[in-house]
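Here the structure comes first, spelled out in structure tokens, and everything after it is commentary.
2 protein chains.
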Amino acid sequence: MKKTDVLIIGGSAAGIVTAVTGKNHYPDKNFLVIRKEKEVLVPCGIPYIFGTLKNSDRNKIPDTILSNAGIDLKIGEVTFVDQENKVCKVDDGTEISFDKLVFATGSIPTVPKWLKGAELDNVFTVPKNKEYLDVLIEKLGDCKKIVTIGGGFIGVEVSDEINKMGKEVTIVEKLPQILGLVFDDYLASRAGELLESRGLTLRRGVGVKELTGNEKVTAVVLKNGEELEADAVVLSIGYHPNVSLAEKSGLEIDELGTIKVDEYLRTKNHDIFAVGDCAGKWDFLTRKLSGIRLASTACAEARAVGMNLYGLLTVRTFSGTIAIFSTAIGDTGFGTAGLTENHARKEGFHVVTGIFEGIDKHPGTLPGTHKQTVKLVVAKDSGVLLGGEVMGGQSTGEIVNLLGLAIQNRMTVNSLLITQIGTHPMLTAPPTAYPIIKAAEEAAKKMKRA
Amino acid sequence: MKKTDVLIIGGSAAGIVTAVTGKNHYPDKNFLVIRKEKEVLVPCGIPYIFGTLKNSDRNKIPDTILSNAGIDLKIGEVTFVDQENKVCKVDDGTEISFDKLVFATGSIPTVPKWLKGAELDNVFTVPKNKEYLDVLIEKLGDCKKIVTIGGGFIGVEVSDEINKMGKEVTIVEKLPQILGLVFDDYLASRAGELLESRGLTLRRGVGVKELTGNEKVTAVVLKNGEELEADAVVLSIGYHPNVSLAEKSGLEIDELGTIKVDEYLRTKNHDIFAVGDCAGKWDFLTRKLSGIRLASTACAEARAVGMNLYGLLTVRTFSGTIAIFSTAIGDTGFGTAGLTENHARKEGFHVVTGIFEGIDKHPGTLPGTHKQTVKLVVAKDSGVLLGGEVMGGQSTGEIVNLLGLAIQNRMTVNSLLITQIGTHPMLTAPPTAYPIIKAAEEAAKKMKRA
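Note that the protein sequences, when read in sequence, are chains A and B. With the first letter of the first sequence counted as 1, position 18 gets the number 188 in our numbering; the numbers rise by one all the way through. With the first letter of the second sequence counted as 1, position 63 gets the number 233 in our numbering; the numbers rise by one all the way through.
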């Protein structure tokens with residue numbers, strides 16, 4: 171029987187970061203990562219293999235990340251975890267005994283059971299699976315009209331990339347706006363306009379009834395009876411946690427279908443951890459279970475687990491998931507951190523908002539200057555920052571991270587108003603009109619009035 | 171006699187933001203800005219009028235910022251402040267009585283008294299003065315060889331821009347590195363290499379003895395006796411606070427030559443404030459008087475003053491200046507927040523550092539991917555973040571702001587390690603190798619060892 175100190179099941183972002191961080195903190199322990207896939211893709215890079223990279227080989231995570239850190243790797247599927255004996259059974263018949271075990275089994279694309287025709291040829295999902303995606307790209311080559319079902323981040327990114335391949339792409343989204351769960355109307359509608367200006371067709375506010383065709387899909391039938399011709403369909407309705415192994419092995423599953431963990435990502439069995447998409451999460455602000463699954467959150471969890479494998483070295487001060495997303499449509503970045511206004515109100519927060527539209531260089535006459543819009547969502551009485559949305563240029567991703575950091579530090583509008591920021595003509599908004607601070611001023615005004 | 175509630179002397183960033191913020195908080199009060207200049211330039215945009223904008227008209231701050239906010243503007247020079255009667259005398263013979271007075275008189279380029287030949291024709295400084303700069307640009311048109319004396323931010327930015335005009339530019343810096351006060355050797359030497367690759371010549375580690383020529387400058391003589399031919403010389407040795415009016419009017423000046431203020435930017439006379447380059451500052455970390463003068467700091471101060479003009483509405487929690495700088499050389503951004511390692515050690519801090527070199531998109535095969543390097547400086551025992559340096563692409567300015575926010579929130583390496591960040595292929599480093607967090611890991615390792 172093979173023996174290892176720490177066994178990590180799953181080799182995507184969460185698994186890798188757990189292993190590397192763990193080995194870093196406990197260099198005397200043996201670490202073994204076991205995964206099903208021969209090769210692993212950068213998860214968030216997957217949409218970009220279609221039109222930009224043109225090839226999944228350019229989006230691989232090299233195994234040298236593990237080997238350079240002195241971490242062992244095995245390709246195989248764990249079929250059962252014997253908790254009592256601390257042994258994993260692998261599909262090749264081998265057994266691996268462990269001291270600590272980490273589930274990093276990720277998530278898999280959801281194919282709704284109610285969707286008739288989902289089994290037809292040329293109906294695809296977007297799994298984190300290189301072989302599948304290579305086939306998908308190849309098959310898309312022969313297609314002209316593509317319909318994407320679901321206008322969340324993955325649906326939007328993949329559609330925009332398939333559009334770059336020269337295809338006619340239509341996104342069907344049942345909510346009134348694409349990206350409607352993560353942005354309030356103002357930014358979501360702008361994202362929609364931008365996609366349309368790039369040649370995509372959007373069908374918003376209408377659900378899908380079924381997919382039709384003989385063997386191969388030929389049409390998407392909407393709930394209003396309309397039919398959209400389709401040579402291929404991409405389902406991007408969501409992902410659900412991959413917990414079948416955990417369930418089979420007797421681990422507790424929470425009501426969102428994720429592995430039940432405490433704030434240190436430990437299961438009831440303190441030698442067994444779960445991280446990433448398969449692990450339970452709480453929202454930082456609402457304190458409810460959260461269904462938001464991001465590679466960046468997975469990595470933050472993985473670092474905490476890696477450090478705390480053999481004793482709690484690091485207090486997880488910022489417990490709870492802050493949804494920090496960003497994406498790009500062409501050269502326009504969109505990002506969000508924390509709660510949207512809609513979400514906050516739905517949860518019962520009394521909020522005010524502030525919005526400011528500025529520029530990302532200064533003066534705006536500089537070449538390459540991009541508009542930059544920031545919206546802040548703030549608790550009306552305490553002034554605590556609950557969320558923010560950003561639309562801008564190349565720096566959008568890091569501005570969203572700034573907002574995320576402010577939320578994690580429980581900063582208030584008042585503290586934002588006197589925050590020092592650095593500015594530079596070529597790199598940022600002007601010091602006189604830095605959008606986060608101007609939006610905070612707007613919110614502060616409304617707090618006073620309220 | 172003209173009467174106003176709030177009189178602000180100076181119409182650059184600090185004056186404008188004080189007025190706009192003040193009017194925002196106290197809409198019933200009259201605000202009047204008085205300034206000498208007919209037109210005002212975006213201060214940090216000034217270097218870019220040479221090669222990129224090609225014209226100072228494209229770098230103006232429009233007066234509509236004031237008029238739209240309901241703030242009055244007068245062009246003129248205040249010659250004396252009568253504190254007892256609360257009256258300002260203006261050079262056109264008028265007098266203005268005020269209730270609250272704000273000095274925002276800025277800074278002026280330093281021309282060292284010991285520098286022989288500084289009075290020659292074609293020896294320039296870089297003041298915030300449109301007329302002067304328009305003449306400078308015109309005169310540079312006839313020049314071939316330009317020597318810049320002083321390799322700080324302004325010297326580097328102006329030189330790189332003049333190089334874009336097709337001139338031969340040499341920067342003379344007496345420190346071993348250009349930008350040597352704000353970056354440790356590692357980044358400073360990279361900035362130097364980059365400038366050289368763009369065709370600039372650097373003379374480092376050698377001072378200037380004198381400028382020579384008849385009427386017009388023809389050469390810069392170095393301390394080692396060497397002569398550099400020069401058709402024009404740009405002095406960018408530093409700026410000193412413009413406090414002659416304050417001094418004349420009996421305000422107290424501190425040992426760095428700035429107007430003495432308390433943590434709310436009030437002078438001993440609580441109806442008189444000072445903000446921006448002319449006002450005294452403390453370093454956030456060393457608690458010493460600070461000589462670092464930035465538009466962004468000025469604006470943070472101005473917001474505090476604007477809010478607190480008639481009673482202390484907002485506690486200045488983050489008192490003290492954090493030096494948050496950024497600049498760009500071509501498409502490479504350089505930035506720094508807080509203390510460099512050298513500076514921290516000189517001040518007596520026991521520090522460890524962490525450095526990580528990654529990429530600003532992921533996977534690195536994406537077009538336009540730029541290297542991204544982060545260095546963190548951390549207090550060895552407490553783990554409190556003292557400073558950070560960044561070299562990267564377009565997002566460098568906002569990453570430096572992230573570091574600035576972390577410093578202001580007194581974050582530690584431990585809290586950075588479990589910080590959640592958002593990542594996106596097109597906009598940020600990968601979640602598995604986000605440079606701030608990887609650099610924090612390096613620093614954490616060294617803390618353990620120490």
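Backbone N, C-alpha and C fix where the C-beta goes; we use that ideal spot for every residue, glycine too.
Listed along chain A, no residue sits closer than 7 Å to Leu459(B) by beta-carbon distance, the nearest being about 17 Å off. The alpha-carbon separation between Leu372(A) and Glu343(A) amounts to approximately 8 Å. Against Pro600(A), the close residues of chain B are Val212, in the order they occur along the chain (beta-carbon pairs closer than 7 Å). Among the residues of the region 333 to 350 of chain A, none has a Cβ less than 8 Å away from any Cβ of chain B. Here Thr539(A) has Ile529 and Lys531 as same chain residues with Cβ atoms under 6 Å from its own Cβ, once five neighbours each way along the sequence are excluded. For the options Leu202(A), Asp269(A) and Ser182(A), the alpha carbon positioned closest to that of Cys214(A) is the one of Ser182(A). Less than 8 Å separates the beta-carbon of Leu303(A) from that of Ser226(A). Taking 8 Å as the CB threshold, Pro297(B) stays off the interface with chain A. Between Ile204(B) and Leu177(B), the C-beta gap is smaller than 8 Å, which places the two residues in contact. Exclusion of the five residues before and after Thr598(A) leaves Asp530, Lys531, His532, Ser565, Ile591, Gly592 and Tyr604 as the residues of its chain whose Cβ lies within less than 8 Å of its Cβ. Under the 8 Å criterion on CB atoms, Val560(A) is classed as non-interfacial with respect to chain B.
Any Cβ of chain B closer than 8 Å to the Cβ of Ala470(A) would place that residue at the interface, and such an atom is present. The Cβ atoms of Tyr434(B) and Leu482(B) lie closer than 8 Å to each other. Burial is judged here by how many other beta carbons sit within 10 angstroms of a residue's own beta carbon; Pro197(B) has fewer than 16 and is exposed.
Under the DSSP assignment, Thr467(B) falls in the alpha helix (DSSP H) whose first and last residues are Ala465 to Asn478. As the crow flies, the alpha-carbon of Ala389(A) is around 20 Å from that of Ile307(A). With contacts defined as CB atoms closer than 8 Å, Ala613(B) and Val548(B) qualify as a contacting pair. Cβ-Cβ separation between Thr188(B) and Ile266(B): approximately 16 Å, too far for a contact (criterion under 8 Å).
Residue state for Ala599(A) is assigned as coil, using DSSP reduced to three classes. Annotated three-state conformation of Arg457(B) is coil, per DSSP.
Residue environment for Pro217(A): buried (at least 16 other C-beta atoms within 10 angstroms of its C-beta).
In the three-state reduction of the DSSP assignment, Ile492(B) falls in the coil class. Listed along the chain, the chain B residues whose CB falls inside 9 Å of the CB of His513(A) amount to none; the nearest CB is some 16 Å away. Residue pairing by DSSP puts Leu405(A) in a beta bridge opposite Ile319(A). The beta-carbon separation of Phe201(A) and Asp242(A), rounded to 7 Å, stays under the 8 Å limit for a contact.
Judged by DSSP in its simplified three-state form, Asp227(A) adopts helix.
Not a single CB atom of chain A sits nearer than 8 Å to the CB of Glu527(B). The alpha-carbon separation between Ala493(A) and Gly524(B) amounts to approximately 27 Å. For the pair of segments examined, the region 308 to 322 of chain A was found to touch the region 330 to 345 of chain A: the number of CB pairs separated by less than 8 Å reaches three. Taking the Cα of Gly562(A) as reference, the smallest distance to any Cα among Ala274(A), Ser489(A), Glu380(A) and Ile499(A) is reached at Ile499(A).
In the assembly as shown, Asn238(B) is an exposed residue. Its beta-carbon has fewer than 16 other beta-carbons within 10 Å. Taking 8 Å as the CB threshold, Leu536(A) lines the interface with chain B. If only uninterrupted beta strand (DSSP E) runs of at least 3 residues are considered, those enclosed by the region 515 to 552 of chain A are 521 to 529 and 541 to 549. Take Lys230(A), set aside five residues on each side of it, and the residues of its chain with a beta-carbon closer than 8 Å to its own are Glu209, Val210, Leu211, Val212 and Lys300, in chain order. The count of Cβ pairs closer than 8 Å, one atom from the region 447 to 455 of chain B and one from the region 401 to 421 of chain B, reaches three, so the stretches are in contact.
Each residue's CA atom was taken as its position, placing Asp261(B) and Lys206(B) some 10 Å apart.
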